[in-house]
Amino acid sequence: MAELTNPVPDAALRLPMQRVDHPSAPSRAGMMQFKQASVLPGFNLALGYTVVYLSLIVLLPLSALVLKTTSLSWSAFWQVVTADQVMAAYRLTFGASLLAAVINLFAGLLVAWVLVRYEFVGKRLIDALVDLPFALPTAVAGIALTTLYAPNGLIGEWLVPLGIQVAFKPLGIVVALTFIGLPFVVRTVQPVLQDLEAELEEAAACLGASRWQTFRKVIFPATVPALLTGFTLAFARAVGEYGSVIFIAGNIPFESEIVPLLIIGKLEQYDYAGATAIATVMLVISFGLIFLINLIQWWHTRRHGMRK
Amino acid sequence: MSIEIQSIAKHFGAFTALDNVNLKVETGELLALLGPSGCGKTTLLRIIAGLETPDAGQIHFHGEDTTDRHVRERQVGFVFQHYALFRHMTVFENVAFGLRVRPKHTRPSDKEIKRRVHELLNLVQLDWLADRYPAQLSGGQRQRIALARALAVEPKVLLLDEPFGALDTKVRKELRRWLKRLHEEVNVTSVFVTHDQEEALEVADRVVVMNKGRIEQVGTPEQVYDTPATPFVYQFLGDVNLFHSRVHGSFTQVGEHPIPNDSAVAYVRPHDIEILREPNQQTLVAAVDHVRTIGSTVRLELRLENGDPVEAELSRDAFALNRYTSGERVYIRPRTARVFAEDFTI
């Protein structure tokens, strides 16, 4: 997953500078605006393939979704997507996903740190455990979590007397989303921590920085781009999650009903246009949020110059 | 601030990195630790800094035992081979780092920090780069920034680990002279590690030649080059020809000095080989194999009668007087040589 930490903007930044030095560059500048000069062959072929592939696999189904939505009139569309029950579901889905991604941001950094920095018995096992939420069928995860957190479950029976009810409440949704999102943060941050030279910490120590100052001012900022990537992935995964949530959520309208469940509900009632209308709104919000995070990341990489 | 290194030993598993090393670095001097890779020079530097703990022995800073003191409290400036600049900070913030992490009651004001950082950046002649990020600098610039950062905390000792190792030859030469001048200006006790003998001889006040975890010789650049204490030092500081008394007889007897025994080895530098057209009792016959002009000097590859190669170096002027050609038969004689007993093996 190391490649997710964005080497691309570097190349994009460096190329224009090289071209200025090139004697033949000015005369060709007109036609070279779109395609940068590069020694790598096959740009046209590769870009063509990328566009076709993305169109077939990603854009085509999404266009169909939007197209189906247009069978509704504008007012009907607005009525469907702004219904109180739907609005509550949006708030819950995005809120719980954001919260879960934030929790994973900290927990994931900690797990990655432990896995990279310390040697201990069972490290390989823990390393493998991290991937489990990737591999496990989400329904299994949902059932397992529900069994644990239900009022008569292993953990639930201790929490409920304290007034904390997890299963069948929004809190349960956050727990499930945290579970499935953890590997994204760990697996993006881990390689970055691994590549961080020990010399940086030694340099900080020589300059008089304490362990905490070294972490806060030297190590943490270096992991920010990877953390953002991990956060985005965990968030995106959580927004679309269905399987694990429906078991633990209880699915009470206005309280613990997530958007994907609403969509399924509409489909089961053969209300295809209504389902796609909600889905389209979901799509736009998700894309907007992810695009925003990518912008922040791009700005961050640009501001701090190229890596290395 | 003088540094005293007493009976330092360090092992990495079965490997002995340092074996009972004793050394005194005088206040204000610029000392070079010179040796091949794996000789323990970097380990010694890291032990002085406190980045590594010795298995035995003590480090004294100005008479005070600092062996168990943490790096943070030793007040050493350390410059790494690969710069170790903080990539997400500007040049200014990199240099200011050491001041900003101080506890509140000793931390200078923002204005004072600004003044100090610009003063240091001026010292390394890079004030105009203050707002750049390390990625936007060349290697030579990065190393100068790393040096400014190390000096910002007003270290009592400056330690440099192969500071110019990652730079190309031309930049390296410039920075060497610059470091020498800078040291004269700030005059802080400095130790630098290098495997480049030219660098050590040019920059340092004194050179410590190390091999296999031990110190072979300590002396001024002239001392170690002209009167090497051991065959290793001789070989490490420049090219050398070996002549065995058993084989080459009276050749190895230079001047009045008799050969200690009949199994001695004479070490002769290429520029100390004299080439003659007429024989005398001390000469050996040789054939010229190749003549190469390398910048200001001419290097002759010669071959003795028994097939052993010998290298000789002449200045261009000296070569112009005689113009030896390959295939020619000549007679060679050492101007000066150092003779060691043969039991030494490399």
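Those protein sequences? They're chains A and B, same order as listed.
Start counting the first sequence at 3; every next residue gets the next number (the working numbering).
Start counting the second sequence at 3; every next residue gets the next number (the working numbering).
Quick reminder that beta carbons are idealized off the backbone N, C-alpha and C, glycines included.
Note that the structure is a prediction, hence the values are computed from the model and not measured.
Can you pull the chain B neighbours of residue 209(A), defined as C-beta to C-beta under 8 Å?
The residue given as residue 209(A) occupies position 207 in the first sequence. Correct list: 99, 100, 103, 151, 152, 154, 155.
Could you name the residues that DSSP lists as bridge partners for residue 255(A)?
As a first step, residue 255(A) must be located in the first sequence, where it is residue number 253. DSSP output for residue 255(A) lists no bridge partner at all.
How would you list, in chain order, the residues of chain B whose beta-carbon sits under 7 Å from the beta-carbon of residue 215(A)?
Stepping through the first sequence from its first residue, residue 215(A) is reached at position 213. For residue 215(A), the chain B residues whose C-beta falls within less than 7 Å of its own C-beta are 103, listed in chain order.
Residue nearest to residue 321(B) in terms of C-alpha spacing, selected from 306(B), 287(B), 276(B), 205(B):
Within the second sequence, the letter at position 319 stands for residue 321(B). Minimum Cα distance to residue 321(B) is reached at 276(B).
List the DSSP bridge partners of residue 157(B).
Residue mapping note: residue 157(B) aligns to position 155 of the second sequence, counting from 1. For residue 157(B), which the question treats as bridged, DSSP gives no partner whatsoever.
Is residue 5(B) close to chain A? Criterion is C-beta to C-beta, closer than 9 Å.
The residue you call residue 5(B) lines up with position 3 of the second sequence. It does not: the Cβ of residue 5(B) has no partner Cβ on chain A nearer than 9 Å.
Exposure label - residue 91(B); buried when at least 16 CB within 10 Å
Within the second sequence, the letter at position 89 stands for residue 91(B). Burial check for residue 91(B): the Cβ neighbour count within 10 Å reaches 16 or more, so the residue is buried.
Within 10 angstroms of the Cβ of residue 297(B), are there 16 or more other Cβ atoms? Answer buried if so, exposed if not.
Counted from its first residue, the second sequence places residue 297(B) at position 295. With a 10 Å radius around the Cβ and a threshold of 16 neighbouring Cβ atoms, residue 297(B) comes out exposed.
Closer than 9 Å, Cβ to Cβ, to anything on chain B: give me those residues from the region 223 to 252 of chain A, in chain order.
Listed in sequence order: 223, 224, 226.
Bounding residues of the alpha helix (DSSP H) (the contiguous stretch that carries residue 288(A)):
Taking the first sequence and counting its residues from 1, one reaches residue 288(A) at position 286. Where residue 288(A) is concerned, the enclosing alpha helix (DSSP H) stretches over 274 to 305.
Just reading off the beta strand (DSSP E) that residue 22(B) is part of, what are its end residues?
Walking along the second sequence from the start, residue 22(B) turns up at place 20. Its beta strand (DSSP E) spans residues 17 to 27.
What number of angstroms, rounded off, separates the C-alpha of residue 201(A) from the C-alpha of residue 127(A)?
By 1-based counting over the first sequence, the position of residue 201(A) is 199. By 1-based counting over the first sequence, the position of residue 127(A) is 125. The alpha-carbon separation between residue 201(A) and residue 127(A) amounts to approximately 29 Å.
Counting only runs that start and end within the region 79 to 132 of chain A, where is the alpha helix (DSSP H) found for 4 or more residues in a row?
If you keep only unbroken alpha helix (DSSP H) runs of at least 4 residues inside the region 79 to 132 of chain A, you get 86 to 119, 125 to 132.
Beta bridge counterpart(s) of residue 12(B) as assigned by DSSP
By one-based count along the second sequence, residue 12(B) stands at place 10. According to DSSP, residue 12(B) shares a beta bridge with 20(B).
Which value, in whole angstroms, describes the spacing of the CA atoms of residue 299(A) and residue 225(A)?
Position 297 of the first sequence, counting from 1, holds the residue named residue 299(A). Position 223 of the first sequence, counting from 1, holds the residue named residue 225(A). Computed Cα separation, rounded: 12 Å.
Please confirm whether residue 285(A) has its beta-carbon closer than 9 Å to some beta-carbon of chain B.
Your numbering for residue 285(A) matches position 283 in the first sequence. No, no contact with chain B.
Candidates 191(A), 240(A), 208(A), 251(A): which alpha carbon is nearest residue 223(A)'s?
If you number the first sequence from 1, residue 223(A) lands on position 221. Taking residue 223(A) as reference, the option from 191(A), 240(A), 208(A), 251(A) with the minimal CA-CA separation is 191(A).
Interface positions of the region 55 to 78 of chain B facing chain A (Cβ-Cβ less than 9 Å), listed along the chain
When CB distances to chain A are screened at a threshold of 9 Å, the residues of the region 55 to 78 of chain B falling below it are 72, 73, 74, 75, 76, 77, 78, in chain order.
How would you list, in chain order, the residues of chain A whose beta-carbon sits under 8 Å from the beta-carbon of residue 84(B)?
Your numbering for residue 84(B) matches position 82 in the second sequence. Taking a Cβ-Cβ threshold of 8 Å, the residues of chain A close to residue 84(B) are 199, 201, in chain order.
Roughly how many angstroms separate the alpha carbons of residue 165(B) and residue 175(A), rounded to a whole number?
Walking along the second sequence from the start, residue 165(B) turns up at place 163. Walking along the first sequence from the start, residue 175(A) turns up at place 173. Distance between the alpha carbons of residue 165(B) and residue 175(A): 55 Å.
Please state whether DSSP places residue 54(B) in a helix, a strand or coil.
For the purposes of this step, residue 54(B) is identified with residue 52 of the second sequence, where counting begins at 1. Looking at residue 54(B) - three-state DSSP - the assignment turns out to be coil, as it is neither helix nor strand.
So within the region 259 to 293 of chain B, which uninterrupted beta strand (DSSP E) runs reach at least 3 residues, ignoring any that extend past its ends?
Runs of the beta strand (DSSP E) inside the region 259 to 293 of chain B: 266 to 270, 275 to 278.
So, with DSSP's three-state summary, where would you put residue 219(B)?
Here residue 219(B) corresponds to residue number 217 of the second sequence, with the count starting at 1. Strand.
The region 150 to 167 of chain B touching the region 95 to 104 of chain B, judged by at least three CB pairs closer than 8 Å
They touch, by the three-pair rule.
Start-end ranges of the alpha helix (DSSP H) lying completely within the region 144 to 212 of chain B, minimum 4 residues:
Counting only runs of 4+ residues, the alpha helix (DSSP H) found wholly inside the region 144 to 212 of chain B occupies 171 to 188, 199 to 205, in chain order.
Own chain, CB closer than 6 Å to residue 273(B), minus 5 neighbours either side, in chain order
Locating residue 273(B) in the second sequence gives position 271, counting from the first residue. 315, listed in sequence order.
To the nearest angstrom, how far is it from the Cα of residue 238(B) to the Cα of residue 199(B)?
Here residue 238(B) corresponds to residue number 236 of the second sequence, with the count starting at 1. Here residue 199(B) corresponds to residue number 197 of the second sequence, with the count starting at 1. Going from the Cα of residue 238(B) to the Cα of residue 199(B) covers about 8 Å.
Bridge-paired residues (DSSP) for residue 299(B):
As a position in the second sequence, residue 299(B) is number 297, starting the count at 1. Within the DSSP bridge table, the entry for residue 299(B) names 296(B), 317(B) as partners.
Following the continuous alpha helix (DSSP H) through residue 342(B), name the residue where it begins and the one where it ends.
The residue you call residue 342(B) lines up with position 340 of the second sequence. Element bounds for residue 342(B): not the alpha helix (DSSP H) but the beta strand (DSSP E), 340 to 343.
At 9 Å on the CB atoms, spell out the chain B contacts of residue 204(A), in chain order.
Numbered from its first residue, the first sequence carries residue 204(A) at position 202. 48, 51, 53, 73, 80, 82, 86, listed in chain order.
Residue 83(A) versus chain B: which residues are under 8 Å apart at the beta carbon?
Here residue 83(A) is taken as the residue at index 81 of the first sequence, counted from 1. None at all; the shortest Cβ gap to chain B is about 42 Å.
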